[in-house]
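Participant:
Number of protein chains: 2
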Amino acid sequence: MKEGPDIAQIGALIGDPARANILTALMGGKALTATELAAAGGVTVQTASTHLAKLEAGNLLVQRKQGRHRYFTLADDSVGKFLESIMGFAAGRGHLRHKPGPKEPALRKARICYDHLAGDYGVRMLDSLIARGAIDAFGDGLAVTESGESELKRIGIDVPALKSSRRPLCRSCLDWSERRAHLAGSLGKALLSNFLDKGWARRTAQSRSVVFSPEGERQFLALFPTSR
Amino acid sequence: MKEGPDIAQIGALIGDPARANILTALMGGKALTATELAAAGGVTVQTASTHLAKLEAGNLLVQRKQGRHRYFTLADDSVGKFLESIMGFAAGRGHLRHKPGPKEPALRKARICYDHLAGDYGVRMLDSLIARGAIDAFGDGLAVTESGESELKRIGIDVPALKSSRRPLCRSCLDWSERRAHLAGSLGKALLSNFLDKGWARRTAQSRSVVFSPEGERQFLALFPTSR
DNA sequence: ACGATGCTTCGGTTAGGATCGAAGTATGAA
DNA sequence: TTCATACTTCGATCCTAACCGAAGCATCGT
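Heads up: the protein sequence lines correspond to chains A and B, in order.
Residue numbering for the first sequence is 3 to 230, as defined by the working numbering.
Residue numbering for the second sequence is 3 to 230, as defined by the working numbering.
1) When the distance is taken between beta carbons, is L28 (chain A) closer than 8 angstroms to I16 (chain A)?
2) Along chain A, in chain order, which residues have C-beta atoms closer than 8 angstroms to that of A92 (chain B)?
3) Please check if any C-beta of chain A sits within less than 8 angstroms of the C-beta of M127 (chain B).
4) Alpha carbon to alpha carbon, how far is L245 (chain A) from S166 (chain B)?
5) Which same chain residues, not among the five before or five after S215 (chain A), have their C-beta less than 8 angstroms away from its C-beta?
6) Pull up the CB-CB distance for A50 (chain A) and G43 (chain A), whole angstroms please, since I reckon it's below 8 angstroms.
7) Identify the contact partners of G150 (chain A) in chain B, using a Cβ-Cβ distance below 8 angstroms as the criterion.
8) Report all residues from its chain with a CB closer than 8 angstroms to the CB of K155 (chain A); omit the five preceding and five following residues, and keep chain order.
9) From which residue to which residue does the alpha helix (DSSP H) around I114 (chain B) run?
10) Could you tell me which of A:Y73, A:E58, A:F226 and A:R134 sits nearest to T37 (chain A), measuring between CA atoms?
11) Please compile the residues from chain A whose C-beta is within a distance smaller than 8 angstroms of the C-beta of D18 (chain B).
12) According to DSSP, simplified to helix, strand and coil, what is F226 (chain B)?
13) Return the residues of the segment 191-204 of chain B that lie within a Cβ-Cβ distance of less than 7 angstroms from chain A, sorted by chain order.
14) Counting only beta-carbon separations shorter than 8 angstroms, does I157 (chain A) have a partner in chain B?
15) Return no unless some Cβ of chain A is closer than 8 angstroms to the Cβ of A22 (chain B).
16) Throw me the rounded Cβ distance for the L76 (chain B) and G82 (chain B) pair, which I believe falls under 8 angstroms.
17) Beta carbon of V235 (chain B), beta carbon of A40 (chain B): below 8 angstroms?
18) Does the separation of the CB atoms of L131 (chain A) and G150 (chain A) fall below 8 angstroms?
19) With DSSP run on the structure shown, which of helix, strand or coil describes R205 (chain A)?
20) Using alpha carbons as the reference points, say which of B:A139, B:G190, B:L34 and B:C175 lies closest to L164 (chain B).
21) Check the Cβ of L223 (chain A) against every Cβ in chain B and list those closer than 8 angstroms, keeping chain order.
22) So, F226 (chain B) versus F197 (chain B), is the Cβ gap smaller than 8 angstroms?
23) L57 (chain A) to N23 (chain A), Cα distance in whole Å?
24) Taking all protein chains shown into account, do 16 or more other C-beta atoms lie within 10 angstroms of the C-beta of G30 (chain B), making it buried, or fewer, making it exposed?
25) Counting along the chain, where does the alpha helix (DSSP H) carrying A136 (chain A) start and finish?
26) With a cut-off of 8 angstroms, does the C-beta of F1 (chain B) fall near any C-beta of chain A?
27) May I have the straight-line CA-CA distance separating A186 (chain A) from L119 (chain A), to the nearest angstrom?
28) So, helix, strand or coil for S166 (chain A), using DSSP?
29) Taking Cβ-Cβ distances shorter than 8 angstroms, what residues in chain A pair up with F84 (chain B)?
30) Using DSSP with H/G/I as helix, E/B as strand and the rest coil, what is V64 (chain B)?
31) Applying a beta-carbon distance threshold of less than 8 angstroms, which residues of chain B neighbour S80 (chain A)?
32) In chain order, what residues of the same chain have a beta carbon less than 7 angstroms from the beta carbon of Q65 (chain B), not counting five sequence neighbours either side?
33) Do R126 (chain A) and T228 (chain A) have their CB atoms nearer than 8 angstroms?
34) Are T88 (chain A) and I9 (chain B) close, meaning C-beta to C-beta below 8 angstroms?
35) Go to T49 (chain B), then tell me how far its beta strand (DSSP E) extends in each direction, as first and last residue.
36) Thinking just about the alpha-carbon of each residue, which of A:R220, A:K32 and A:R21 is nearest to the one in T1 (chain A)?
This is the structure in structure tokens:
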């Protein structure tokens with residue numbers, strides 16, 4: 003009858019629309035204040051405050067006080083991974099929004115998934131890396147090949163340094179819009195940072211979408227050609 | 003503001019205790035009737051009926067009419083995979099039941115995770131297969147080696163036949179009680195079926211736990227020794 | 001045809017929780 | 001010190017949805 007962990011608690015936390023919107027907003031990876039999250043959730047600050055307290059009690063969020071602001075972030079990347087998996091599941095089952103907003107196309111093209119690149123461009127990047135043999139796809143898992151390591155070095159990614167971190171180097175992450183895998187893990191994070199540092203793309207203030215500059219887009223597409 | 007798929011709908015479905023218990027019961031992999039699920043959820047049949055209708059509308063369940071019975075199962079193995087991931091997350095965050103029931107130890111030792119073996123024994127089996135080189139662990143992914151293929155053949159598993167199915171041969175599945183990976187995928191399913199067919203173990207009627215016979219346990223432990 | 005079983009639908013009750021206005025606390029700026 | 005901003009807590013309202021009793025279908029056995 004009552005077996006295993008209590009999934010109802012977590013489900014209930016995600017089940018409220020305001021909280022779901024708050025969590026979705028935090029998937030952008032940026033720390034946001036309570037007021038910003040209230041706007042994201044479509045509720046007043048009082049209401050948002052209680053929601054944030056509940057999410058924090060449920061260990062989904064952590065807060066960092068800074069002056070009179072309180073910045074909230076997802077508790078760790080396992081939460082982000084977890085939420086993205088729900089989104090993938092939801093998208094695959096037709097649990098889509100009634101009204102796809104104007105920002106939808108931009109989101110499908112390129113967006114941030116916790117700390118790495120997702121959307122069409124994210125999928126394209128991983129496909130391209132696999133096609134050229136820089137990354138080996140082994141069942142569910144991914145691994146950088148030797149040739150891939152030197153290739154990434156040319157782009158400006160120090161793979162051995164990334165390996166030393168406790169976090170997995172490569173992980174595949176199911177993309178809710180494309181329904182295919184994109185690259186997560188410390189390498190995925192490093193690649194996105196790389197693009198942002200080079201000025202190829204920038205994060206938008208309000209949304210999770212990533213906007214490429216014309217030149218950046220050209221470079222990106224040249225670097226990661228489609229095999230077909 | 004409103005970006006991406008609607009995770010709130012799914013969260014709400016899982017968020018009700020009765021529904022969560024129903025889903026947990028169905029993780030056993032067996033098709034269950036509405037009446038049985040009512041008992042699992044701790045509610046009357048009327049209430050369970052409305053819950054089941056909602057879960058079906060949310061594409062989490064499918065029903066199969068058979069005479070005057072209606073058998074419910076999880077919609078497909080992606081639902082099982084998804085739910086197990088929530089359980090893993092919940093277990094890791096201390097969202098455990100207040101009262102660990104008397105069946106808990108049995109569940110931790112060996113239980114069914116949708117269609118394959120989980121718990122201590124499930125983890126032990128995968129560890130042992132990896133340690134002897136029958137399965138290669140490659141980042142997140144798993145793959146059967148050539149020597150593993152012939153070894154499994156001796157046990158009675160036809161790996162090439164399993165490969166022909168669309169379903170992945172090996173997948174790692176995070177175990178909520180052990181917090182480590184066990185073997186899922188068509189191979190995981192085949193191994194469990196194999197043990198059941200041989201009479202080494204049997205599924206229990208009410209619970210997800212798997213009970214080994216004394217002789218079956220001896221055989222299993224001999225076949226999958228711990229490396230330490 | 002008849003009753004028994006399995007399940008669903010209807011109606012009405014109840015409880016939990018989401019919500020916001022208003023007041024209270026903390027931090028920073030002037 | 002005084003005011004403004006950021007956030008939380010309190011109190012009260014309101015609404016959804018979970019729940020069960022009772023009645024209604026559907027299917028099986030005899």
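Each residue gets a CB set at the ideal place from its N, CA and C atoms; glycine is no exception.
Facilitator: Per the coordinate set shown:
1) As a working mapping, residue 16 (chain A) is identified with position 14 in the first sequence. As a working mapping, residue 28 (chain A) is identified with position 26 in the first sequence. No, the Cβ-Cβ distance between I16 (chain A) and L28 (chain A) is not below 8 angstroms.
2) Here residue 92 (chain B) corresponds to residue number 90 of the second sequence, with the count starting at 1. By Cβ distance, chain A contributes P7, D8, I9, Q11 and I12.
3) As a first step, residue 127 (chain B) must be located in the second sequence, where it is residue number 125. Not a single C-beta of chain A is nearer than 8 angstroms to the C-beta of M127 (chain B).
4) Since the first residue shown for chain A is 3 and the last is 230, residue 245 (chain A) is missing from the structure and cannot be characterised.
5) Here residue 215 (chain A) refers to the residue found at position 213 when the first sequence is read from its first residue. Here the set comprises G201, W202, A203 and R204.
6) As a working note, residue 50 (chain A) is residue 48 in the first sequence. As a working note, residue 43 (chain A) is residue 41 in the first sequence. Right, their Cβ atoms sit about 6 angstroms apart.
7) Against the first sequence, residue 150 (chain A) aligns to sequence position 148. Going along chain B, no residue has its Cβ under 8 angstroms from G150 (chain A), so there is no contact; the nearest lies around 13 angstroms.
8) Here the question's residue 155 (chain A) lines up with position 153 in the first sequence. Cβ neighbours of K155 (chain A) beyond the five flanking positions: V161.
9) Position 112 of the second sequence, counted from the start, is the residue given in the question as residue 114 (chain B). For I114 (chain B), there is no enclosing alpha helix (DSSP H); the enclosing beta strand (DSSP E) covers residues R113 to C115.
10) Counting from 1 along the first sequence, the entry for residue 37 (chain A) is found at position 35. Ranked by Cα distance from T37 (chain A), the options A:Y73, A:E58, A:F226 and A:R134 are led by A:Y73.
11) In the second sequence, the residue the question calls residue 18 (chain B) occupies position 16. Close partners of D18 (chain B) in chain A (Cβ separation under 8 angstroms): A10, G13 and A14.
12) For this step, residue 226 (chain B) is matched to residue 224 along the second sequence. Judged by DSSP in its simplified three-state form, F226 (chain B) adopts coil rather than helix or strand.
13) Under the 7 angstroms Cβ criterion, the segment 191-204 of chain B contributes no residue.
14) Taking the first sequence and counting its residues from 1, one reaches residue 157 (chain A) at position 155. Under the Cβ criterion of 8 angstroms, I157 (chain A) is not counted among the residues facing chain B.
15) As a first step, residue 22 (chain B) must be located in the second sequence, where it is residue number 20. Yes, A22 (chain B) counts as interfacial toward chain A.
16) Position 74 of the second sequence holds residue 76 (chain B). Position 80 of the second sequence holds residue 82 (chain B). Indeed they touch by this definition, with Cβ atoms about 5 angstroms apart.
17) The shown model of chain B, from 3 to 230, leaves out residue 235 (chain B), and the question about it has no answer.
18) Taking the first sequence and counting its residues from 1, the one referred to as residue 131 (chain A) is at position 129. Taking the first sequence and counting its residues from 1, the one referred to as residue 150 (chain A) is at position 148. In this structure, the beta-carbon distance from L131 (chain A) to G150 (chain A) falls below 8 angstroms.
19) One-based indexing of the first sequence puts residue 205 (chain A) at position 203. The DSSP-derived three-state label of R205 (chain A) is strand.
20) Translated into the one-based positions of the second sequence, residue 164 (chain B) becomes position 162. Answer by Cα proximity: B:G190.
21) On the first sequence, residue 223 (chain A) is found 221 positions in, with the first residue counted as 1. Residues of chain B passing the Cβ test: none, with the nearest at roughly 24 angstroms.
22) Within the second sequence, the letter at position 224 stands for residue 226 (chain B). Within the second sequence, the letter at position 195 stands for residue 197 (chain B). Not a contact, by the Cβ cut-off of 8 angstroms.
23) Residue numbering aside, residue 57 (chain A) sits at position 55 when the first sequence is read from its first letter. Residue numbering aside, residue 23 (chain A) sits at position 21 when the first sequence is read from its first letter. If you take the alpha carbons of L57 (chain A) and N23 (chain A), they lie about 12 angstroms apart.
24) Translated into positions along the second sequence, residue 30 (chain B) becomes position 28. Per the 10 Å Cβ criterion, buried.
25) As a position in the first sequence, residue 136 (chain A) is number 134, starting the count at 1. Counting along the chain, A136 (chain A) falls outside any alpha helix (DSSP H), and DSSP gives it neither H nor E.
26) Since the first residue of chain B shown is 3 and the last is 230, residue 1 (chain B) is not available in this structure.
27) As a first step, residue 186 (chain A) is located in the first sequence; it is residue number 184 there, counting from the start. As a first step, residue 119 (chain A) is located in the first sequence; it is residue number 117 there, counting from the start. Approximately 8 angstroms, taken between the alpha carbons.
28) Within the first sequence, residue 166 (chain A) is the residue found at index 164, counting from 1. Note: S166 (chain A) maps to coil in three-state DSSP.
29) Within the second sequence, the letter at position 82 stands for residue 84 (chain B). One finds S87, I88 and F91 in chain A with Cβ atoms closer than 8 angstroms to the Cβ of F84 (chain B), taken in chain order.
30) Residue 64 (chain B) sits at position 62 when you count from the first residue of the second sequence. Assignment of V64 (chain B) by DSSP, reduced to helix, strand and coil, places it in the strand class.
31) Reading the first sequence from its first residue, position 78 is the one you call residue 80 (chain A). Chain B residues near S80 (chain A): F91 and G94.
32) Here residue 65 (chain B) refers to the residue found at position 63 of the second sequence. Cβ within range, chain order: E58, R72, Y73 and F74.
33) Mapped onto the first sequence, residue 126 (chain A) falls at position 124. Mapped onto the first sequence, residue 228 (chain A) falls at position 226. A distance below 8 angstroms separates the beta carbons of R126 (chain A) and T228 (chain A).
34) Your numbering for residue 88 (chain A) matches position 86 in the first sequence. Your numbering for residue 9 (chain B) matches position 7 in the second sequence. At residue 88 (chain A) the sequence reads Ile, which differs from the Thr that was named. In contact: I88 (chain A) and I9 (chain B) (Cβ atoms closer than 8 angstroms).
35) As a first step, residue 49 (chain B) is located in the second sequence; it is residue number 47 there, counting from the start. T49 (chain B) -> not in any beta strand (DSSP E); alpha helix (DSSP H) instead, spanning V47 to A59.
36) Only positions 3 to 230 of chain A appear in the structure, and residue 1 (chain A) is not among them; the question remains open.
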